[in-house]
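Novice:
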Amino acid sequence: KVADLKGLKQGQLRLAVITTAKYFVPRLLGPFCELYPGIDISLQVTNHERILERMVNNLDDLYVMSQVPEHLDVNCQPFLDNPLVVFAPVNHPLAKEKNIPIQRLANEPFIMREPGSGTRRAIQSLLDEHGLTVKVKLELGSNEAIKQAIAGGLGISVLSRHTLLTDAAEFSILDVQYFPIQRTWYMVYPAGKQLSIVARTYYEYLLEAAKKFVEQTSLSSYSKADSS
Ligand code: PGA
Numbered sequence: 236k237v238a239d240l241k242g243l244k245q246g247q248l249r250l251a252v253i254t255t256a257k258y259f260v261p262r263l264l265g266p267f268c269e270l271y272p273g274i275d276i277s278l279q280v281t282n283h284e285r286i287l288e289r290m291v292n293n294l295d296d297l298y299v300m301s302q303v304p305e306h307l308d309v310n311c312q313p314f315l316d317n318p319l320v321v322f323a324p325v326n327h328p329l330a331k332e333k334n335i336p337i338q339r340l341a342n343e344p345f346i347m348r349e350p351g352s353g354t355r356r357a358i359q360s361l362l363d364e365h366g367l368t369v370k371v372k373l374e375l376g377s378n379e380a381i382k383q384a385i386a387g388g389l390g391i392s393v394l395s396r397h398t399l400l401t402d403a404a405e406f407s408i409l410d411v412q413y414f415p416i417q418r419t420w421y422m423v424y425p426a427g428k429q430l431s432i433v434a435r436t437y438y439e440y441l442l443e444a445a446k447k448f449v450e451q452t453s454l455s456s457y458s459k460a461d462s463s
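First residue of the sequence shown? That's 236 in the numbering used here, and the numbers climb one at a time after it.
#1: Under the rule that 16 or more other beta-carbon atoms within 10 Å means buried, what is V325, buried or exposed?
#2: For N317 versus R418, is the C-beta distance shorter than 8 Å?
#3: Between the Cα of Y424 and the Cα atoms of N334, L264, A323, D295, which residue gives the shortest distance?
#4: CA-CA distance, E343 and W420?
#5: Are S301 and I358 closer than 8 Å when you measure CB to CB?
#6: Should S377 be counted as a contact of the ligand PGA given a C-beta to heavy atom distance under 7 Å?
#7: Would the beta-carbon of Y437 fall within 8 Å of that of L297?
#8: For N334, which option in Q429, Y413, I432, L394 has the closest C-alpha, if you only look at C-alpha atoms?
#9: Can you name, in chain order, every residue of its own chain whose Cβ lies under 7 Å from the Cβ of V481, other than the five neighbours on each side?
#10: How long is the line joining the alpha carbons of L329 and E379, rounded to whole angstroms?
#11: Looking at the structure shown, is Q247 part of a helix, part of a strand, or coil, going by DSSP?
#12: By DSSP, does V369 sit in helix, in strand, or in coil?
#13: Determine the direct distance from the alpha carbon of Q338 to that of Q247, and round the result to whole angstroms.
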C-alpha cells in the first residue's frame, strides 16, 4: 500500500533556498528522490533579495530563508537554527581571547557579502545598534569565496555556522560579544497558495530531516536557546 502511495507522488518540485541552505538542503535530496522516484526537482540557490523576487513572481513551490519578508503575507515554519558567527583564520591573534568587545571588529579588515544578502543585513543591523562601522576590504557574493579569502589572510567575516563543513580546522570562530547572531531557517510560501501534494510531501520530509539532524549533531533546534 505504501508503494502505491509513493507511486502517486509524481511531478515537479521547485525549490528556492538562500545561500546558507545549500549546506543542508541538497544533501537531503538524495534520500528524498530515493523515496519518491517520480518527483523531479529544480533547486535555485541565491540570496534573500533574489528569493523575494522569485516569491513575488511565484516561480517556486517552497522557499527556505532566514529573514521572513515583513511586507508579504506568507506562511512560515521555522525548522533549524542558523547562527551567524565571526570567522577568522585559524592563527588569528584574537583566536584565543574570550568575550572580545564588539568594537574590536572595527579594527579588522572585514570581508562583506553583497547588497541583497540577508547575512549582510543581519551584520549591518547589529553594527548599527552599536554605532559601529567595519573596514570593508573586500565585498564578495559567495560564502565559499569569503571563506577562501579568510583562509588566505585577507580579513575576518561573519558567516553562518552551517558554512563550516569538513574545513573547520582552517578557521577559528572568534568569541565576540553579541555573537552568535541567532537566526533560524524557515520554510516559506505565499499565504494564499495551495501546496501541491509533491510540495506538501517535501515540506513534511524536510521538517522530519531537520529533527533528525538536530538529534545527530551538536546544533540545537530552533526552539531551544543556544546557551554555548
Ligand atoms: P543570504 O542568506 O545568502 O541572503 O546572505 C543567508 C542566510 O541568511 O543564512
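Yeah, the Cβ is synthetic: ideal placement off N, Cα and C, and Gly gets one too.
Specialist: This is what the structure holds:
#1: Residue mapping note: residue 325 aligns to position 90 of the sequence shown, counting from 1. Exposed, because fewer than 16 other Cβ atoms sit within 10 Å of the Cβ of V325.
#2: For the purposes of this step, residue 317 is identified with residue 82 of the sequence shown, where counting begins at 1. For the purposes of this step, residue 418 is identified with residue 183 of the sequence shown, where counting begins at 1. Against a cut-off of 8 Å, the Cβ pair of R418 and N317 comes out as a contact.
#3: The residue labelled residue 424 in the question sits at position 189 within the sequence shown. If we check each option's Cα against that of Y424, D295 comes out closest.
#4: What you label residue 343 is simply residue 108 of the sequence shown in a count that begins at 1. What you label residue 420 is simply residue 185 of the sequence shown in a count that begins at 1. Distance between the alpha carbons of E343 and W420: 29 Å.
#5: For the purposes of this step, residue 301 is taken as the residue at position 66 of the sequence shown. For the purposes of this step, residue 358 is taken as the residue at position 123 of the sequence shown. Contact: no.
#6: Against the sequence shown, residue 377 aligns to sequence position 142. False, no ligand heavy atom lies under 7 Å from that Cβ.
#7: Residue numbering aside, residue 437 sits at position 202 when the sequence shown is read from its first letter. Residue numbering aside, residue 297 sits at position 62 when the sequence shown is read from its first letter. Cβ distance < 8 Å, so Y437 and L297 count as in contact.
#8: On the sequence shown, residue 334 is found 99 positions in, with the first residue counted as 1. The shortest C-alpha separation from N334 is found at Y413.
#9: Residue 481 lies beyond the stretch modelled for the chain, which goes from 236 to 463, so this question has no answer here.
#10: Within the sequence shown, the letter at position 94 stands for residue 329. Within the sequence shown, the letter at position 144 stands for residue 379. The alpha-carbon atoms of L329 and E379 are separated by roughly 22 Å.
#11: Counted from its first residue, the sequence shown places residue 247 at position 12. Note: Q247 maps to strand in three-state DSSP.
#12: Indexing the sequence shown from 1 puts residue 369 at position 134. In this structure, V369 counts as coil in the three-state DSSP scheme.
#13: Stepping through the sequence shown from its first residue, residue 247 is reached at position 12. Stepping through the sequence shown from its first residue, residue 338 is reached at position 103. If you take the alpha carbons of Q247 and Q338, they lie about 49 Å apart.
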